[in-house]
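Read through the structure below, which is laid out as C-alpha cells, and then see the notes.
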C-alpha cells in the first residue's frame, strides 16, 4: 500500500509541472523543465552600451546576481548585441563571451535561470527605418551564423538552467519575413539542441496586438511564446526622449484617462497629435484584455506564454506608477505568466539611476507573493 501511495504522489507532482512548467514553486522534478516565475533584464551591459573593458565588467557582477537572488527573483534575461559579441569580421569578442559565461555561472550558483536574448543585430535595430535583415540574404546568413556559434558555445549548459530568445522585437514590413526567419533559425538551433527552450515573439515589437500574424512550427513544443507590454504607452514612456511623446512634460494618470483635455492646452500641434494617437481610458480590465491575446494564441498551440519585457519610467506620479505595476503583475500572475521587468539598472530600473540604490517600493510590489 505504501508503494502505491508514493506512485500516486509522484504522478500528481509530474502533472502539476506539465500543466505549468514555467510558473510554479520549486519541486524535486527538474529534468527537461525551464522553471521560472519572475526576473529582470540585465540591460545596457552586453547590449545597447558603449561600455568596454573594466567599466563594462564592473557594471554587472556576482554581487548583482546575489542581490537579485536575495530579493526573490529566480531568473534573468541577458540581452546581447551582435556588435558586442562579434567584430565586423565575424570573429568572437573573447572578453564579451567571457562576461556572458561569468554571468551564467553566477546565476547558476545562486539557482537563477538565464535567458540569453539576441537583442540587436547590425542588420536589425527595432527602431531603425533601414533593416537589411529582411532584404539581404547575406544579413540573414549572418543571423543564422550568430545562432550556430551561440548554440555551440552554450549547449553545455543544462536545458533546465538556460534558454534562448531567437531575436528581440522583430519589426518587418511583411510579417511573413519574420515567420520565414523563425523557421530557419529554429532549425539552426535544433541541429545541436533539440530540447532547448526557445522564446519567440510576434512581429512589430512583440506587441500583444500582432500575434495573429505569427506562424510557429507545429511539432516543436519547446517553443515559448513571448510578448512585451508597455501599455498605456503615454504612462510607461512618459517623457521618454527617444519617442514622439517625449516632449510632453505634463501630467499622466493610471488608472483613468491617461491625459486630460485640460492638459493639452497650449501644446504644439505635433505634440497633441502624438499624444492623441495613444491617449484613452485604461484600467486593469483594459490591460487584461490586451494581455489575453498572446495567452489565447499560446494556449491554442499548447505552448507556454511569457512576458519578456514590461516596465514604466519613474517620471509618472508615484501613485500611478505603483498602481500600474501592481495591476500588470496581478494580471500576469493570475494567468500564470512568468515575466522579466525592463530593467535592472536602466531608466526603468529596480535600482535607481545611479545603479546602486534599490527602488524599494517597486521591488516590494514585484516580489510580494
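In this note's numbering, the protein residues as written are 9 to 377.
Note that CB positions come from ideal geometry on N, CA and C, so glycine has one too.
As the structure is a computational prediction, the values presented were derived from the model and not from experiment.
Flag this pair as yes or no: are the beta carbons of residue i and residue j separated by less than 8 Å?
i, j, result
"residue 155", "residue 179", "no"
"residue 55", "residue 351", "no"
"residue 283", "residue 333", "no"
"residue 292", "residue 339", "yes"
"residue 148", "residue 189", "yes"
"residue 125", "residue 85", "yes"
"residue 239", "residue 295", "yes"
"residue 53", "residue 41", "no"
"residue 131", "residue 139", "yes"
"residue 336", "residue 219", "no"
"residue 197", "residue 204", "yes"
"residue 368", "residue 298", "no"
Under a three-way DSSP split, which group does residue i fall into?
i, result
"residue 81", "coil"
"residue 47", "strand"
"residue 154", "helix"
"residue 343", "coil"
"residue 216", "helix"
"residue 106", "helix"
"residue 170", "strand"
"residue 67", "helix"
"residue 247", "coil"
"residue 359", "strand"
"residue 317", "strand"
"residue 143", "coil"
"residue 75", "helix"
Which whole-angstrom value describes the C-beta separation of residue i and residue j, a residue pair presumed to lie in contact below a C-beta threshold of 8 Å?
i, j, result
"residue 87", "residue 167", "That pair is no contact at about 21 Å."
"residue 129", "residue 151", "6 Å"
"residue 310", "residue 207", "Not a contact, Cβ separation roughly 16 Å."
Would you mind working out which of the options sits nearest residue i, comparing C-alpha positions?
i, options, result
"residue 320", "341, 312, 348 and 342", "348"
"residue 172", "186, 149, 341 and 127", "127"
"residue 260", "279, 287 and 72", "287"
"residue 113", "71, 90 and 95", "71"
"residue 235", "346, 356 and 372", "346"
"residue 49", "111, 377, 98 and 199", "111"
"residue 73", "275, 108 and 181", "108"
Which same chain residues, not among the five before or five after residue i, have their C-beta less than 7 Å away from its C-beta?
i, result
"residue 243", "260, 262, 266, 320, 324, 328 and 332"
"residue 80", "375"
"residue 192", "152"
"residue 221", "183, 210 and 211"
Whose C-beta lies closer than 6 Å to the C-beta of residue i among residues of the same chain, with five residues either side of it excluded?
i, result
"residue 83", "44, 47, 120 and 121"
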